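A quick write-up on the structure given underneath.
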Amino acid sequence: MSGPVAFVLGTRPEIIKLAPVIRACRERGVSHTILHTGQHYSEMLDSVFFEQLELPRPAYELGVGSGSHGEQTGRMLIRIEEALREVDPGTVLVQGDTNSVLAGAIAASKMDVELGHVEAGLRSFDREMPEETNRVVADHVADHLFAPTEASRHHLEAEGIPPSRIVVTGNTVVDALERNRELAREKSDVLGKLGVEDGDFFLMTAHRAENVDDESRFRGMLRGVDRAAAAADVEVVYPVHPRASERLSAFDIDVTDRIRTVEPVDYLDFLRLETAADVILTDSGGVQEEACVLGVPCVTMRDSTERPETTAVGANRLAGTDPAAIRRAVREARGTTGDWENPFGDGTAGERIVEELLADLEPASP
Ligand code: UD1
Ligand code: UDP
21 MSGPVAFVLG TRPEIIKLAP VIRACRERGV SHTILHTGQH YSEMLDSVFF EQLELPRPAY
81 ELGVGSGSHG EQTGRMLIRI EEALREVDPG TVLVQGDTNS VLAGAIAASK MDVELGHVEA
141 GLRSFDREMP EETNRVVADH VADHLFAPTE ASRHHLEAEG IPPSRIVVTG NTVVDALERN
201 RELAREKSDV LGKLGVEDGD FFLMTAHRAE NVDDESRFRG MLRGVDRAAA AADVEVVYPV
261 HPRASERLSA FDIDVTDRIR TVEPVDYLDF LRLETAADVI LTDSGGVQEE ACVLGVPCVT
321 MRDSTERPET TAVGANRLAG TDPAAIRRAV REARGTTGDW ENPFGDGTAG ERIVEELLAD
381 LEPASP
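With positions in the sequence shown counted from 1, the corresponding number in this note's numbering is that position plus 20.
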């Protein structure tokens with residue numbers, strides 16, 4: 021590595037999961053610059069995380085905003101390339117599978133700069149999902165692949181990626197949880213604000229395009245969650261992502277009283293809700309991991325998952341969007357104890373990633 025590290029990020033999960041790597045750079049004195057594509061821009065999807073995770077505002081705010089995949093990714097590509105020319109980094113780091121990752125990866129791969137992909141090697145094997153295309157492309161143009169688990173390393177090797185480029189680091193989600201879970205318990209008053217008690221509610225998130233942009237799948241999820249909660253005689257807290265919020269209006273869906281819809285919440289409030297929930301129902305990638313690490317049973321309302329480690333240890337079950345299947349999965353989930361093993365590492369992924377980059381600077385042995 022020569023020259024600074026440039027982080028290209030753009031959405032809520034990227035800010036949360038790159039925070040440990042940015043912090044490790046700061047602690048090691050590694051010069052770094054943050055480029056924000058602007059894919060997420062609403063305060064509760066963006067600036068609130070910079071503040072809470074004590075990150076500096078990005079040096080480059082590219083202001084790309086929303087749009088179709090082509091418009092959004094195209095605008096990002098142009099603006100990222102311009103910014104990278106100015107920054108002239110040695111290494112670009114991207115994290116995950118969003119359009120910001122795709123654009124950052126392609127821009128870097130066409131320039132004289134090394135590319136590192138954090139959370140490499142995840143596969144749902146469902147090419148209908150935009151995220152699957154994004155992660156496959158990023159992996160295949162990256163020079164450094166930071167795989168969270170051995171299973172992700174295997175996927176990369178099976179696709180012909182040279183083993184010398186791959187390092188298993190654990191997932192930075194664990195680093196972020198370890199730093200913030202106690203803080204959330206001390207500082208967050210979200211349970212009081214919402215009037216819910218520890219262990220007495222379900223937490224739901226749903227925002228994936230394949231679910232909420234499809235009226236019958238979205239209605240199926242809501243019906244399934246409502247019935248499962250009625251059977252357990254609990255309320256549901258659902259912080260609604262803006263994509264889902266728009267679809268609720270467009271499809272004219274009335275959510276039942278049992279499901280409390282609220283605005284997206286900040287990270288500490290969300291962690292507090294996760295740790296206190298009886299069951300978590302989600303279609304999010306990061307939330308599946310967090311539930312697993314926190315020992316809270318999870319039901320994933322998708323047909324596939326790129327996080328099979330969570331189902332393998334017994335923390336998570338795939339239910340799709342059929343109401344009866346969701347209800348069955350919740351019944352099973354409530355029978356579990358939460359003492360499964362954590363498959364995502366020991367909370368040092370951020371440091372390991374920076375160590376790997378620094379090791380590149382050391383002269384090769386004679
Ligand atoms: C994106 C990622 C998804 C990730 C999610 C994290 C892609 C293809 N998808 O989905 O993998 O799980 O982020 O949350 O990159 N909007 C706002 N405010 C914002 C951002 C978006 O109101 O700050 C609204 C806009 O109307 C926009 C819609 O949400 O059209 C969807 O935003 P977009 O960035 O296209 O994708 P996400 O659904 O957020
Ligand atoms: N999250 C949050 N507030 C919310 C919902 C989620 O802080 O209201 C956090 C959550 O803790 C996790 C991340 O957002 O770290 C997951 O992001 P999201 O579900 O948007 O994206 P995905 O992981 O599916 O790409």
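Just so it is clear, CB atoms sit at the ideal spot from N, CA and C, and this is done for glycine as well.
All of these numbers come straight from a predicted model, not from anything done at the bench.
Within this structure, are the beta carbons of residue i and residue j separated by less than 8 Å?
i	j	result
Asp-303	Asn-231	yes
Gly-87	Gly-58	no
Val-350	Ala-248	yes
Ile-42	Leu-75	yes
Gly-240	Arg-347	no
Ala-140	Leu-104	no
Thr-31	Thr-118	yes
Tyr-287	Gln-115	no
Arg-327	Glu-309	yes
Gly-340	Arg-354	no
Pro-40	Ala-379	no
Leu-242	Ile-273	yes
Ala-167	Glu-371	no
Phe-27	Leu-55	yes
Which term fits residue i, buried or exposed, when burial requires 16 or more other beta carbons within 10 angstroms of its beta carbon?
i	result
Gly-190	buried
Arg-77	exposed
Asp-195	buried
Val-158	First, the amino acid is wrong: residue 158 is Ala here, not Val. So Ala-158 counts as buried.
Arg-48	exposed
Ala-332	exposed
Ala-128	buried
Gly-305	buried
Asp-289	buried
Lys-37	buried
Ala-34	Contrary to the premise, residue 34 reads as Glu rather than Ala in this sequence. The residue in question, Glu-34, is buried, as its Cβ has 16 or more Cβ neighbours within 10 Å.
Asp-365	For the sequence presented, residue 365 should be read as Gly rather than Asp. Buried, because 16 or more other Cβ atoms sit within 10 Å of the Cβ of Gly-365.
Ser-269	exposed
Once the 5 residues before and after residue i are set aside, which same chain residues still bring their CB inside 8 Å of it?
i	result
Pro-386	In this predicted model, Pro-386 has a pLDDT of only 47, less than 50, meaning its place in the structure is not dependable; the value taken from the coordinates is given anyway. None.
Thr-295	Arg-201, Ala-204, Arg-205, Leu-314 and Val-316
Leu-211	Glu-217, Asp-218, Arg-292, Leu-293 and Ala-296
Asp-359	Gly-315
Cys-318	Val-299, Ile-300, Leu-301, Thr-302, Val-307, Gln-308, Ala-311, Cys-312, Thr-330, Ala-335, Asn-336, Arg-337 and Ala-353
Go through its chain and collect everything with a Cβ distance to residue i's Cβ below 7 Å, but skip five positions before and after it.
i	result
Asp-246	Thr-276, Arg-278 and Ile-279
Pro-183	Glu-177
Phe-221	Val-254, Glu-255, Val-256, Val-257, Ala-297 and Asp-298
Tyr-61	Gly-85
Glu-148	Glu-230
Gly-23	Asp-108, Pro-109 and Gly-110
Phe-271	Glu-235 and Phe-238
Val-307	Thr-225 and Ile-300
Thr-356	Pro-317 and Gly-334
Once the 5 residues before and after residue i are set aside, which same chain residues still bring their CB inside 6 Å of it?
i	result
Met-96	Thr-57, Val-84 and Ala-123
Ser-324	Ser-144 and Asp-146
His-227	His-261, Arg-263 and Ala-264
Glu-134	Thr-111 and Asp-163
CB of residue i to nearest heavy atom of ligand 2: below 7 Å?
i	result
Ile-100	no
Gly-315	no
His-227	yes
Arg-32	yes
Ala-291	A quick correction: the sequence has Leu, not Ala, at residue 291. At least one heavy atom of ligand 2 is nearer than 7 Å to the Cβ of Leu-291, so yes.
His-261	yes
Gly-370	no
Ile-13	Since the first and last residues shown for the chain are 21 and 386, residue 13 lies out of range.
Tyr-80	no
Using 7 Å as the cut-off, classify the Cβ of residue i as near or not near the heavy atoms of ligand 1, replying yes or no.
i	result
Gln-59	yes
Asn-140	With the sequence shown as reference, residue 140 is identified as Ala, and Asn is not the correct amino acid for it. Not under cutoff, so the answer is no.
Leu-65	yes
Ser-86	yes
Glu-310	no
His-137	no
Asp-274	no
Asn-119	yes
Pro-343	no
Glu-235	no
Ser-62	yes
Glu-151	yes
Glu-326	no
Does the CB of residue i have a neighbour CB from chain B at under 8 Å?
i	result
Gly-334	Of the protein chains in the structure, only one exists, and it is not chain B.
Problem - 3-residue-minimum beta strand (DSSP E) runs that sit fully inside the region 167 to 194, ordered along the chain - result: 186 to 188
Handout entry: Whole runs of the alpha helix (DSSP H) within the region 210 to 294, excluding any shorter than 4 residues
Key = 210 to 214, 229 to 232, 235 to 252 and 262 to 270
Exercise for the section: Could you tell me which uninterrupted alpha helix (DSSP H) segments, each at least 4 residues in length, are contained entirely in the region 310 to 367, listed from first to last along the chain? Expected result: 328 to 332 and 343 to 354
Problem - Continuous alpha helix (DSSP H) assignments of at least 4 residues falling wholly in the region 84 to 152 - result: 89 to 107 and 119 to 129
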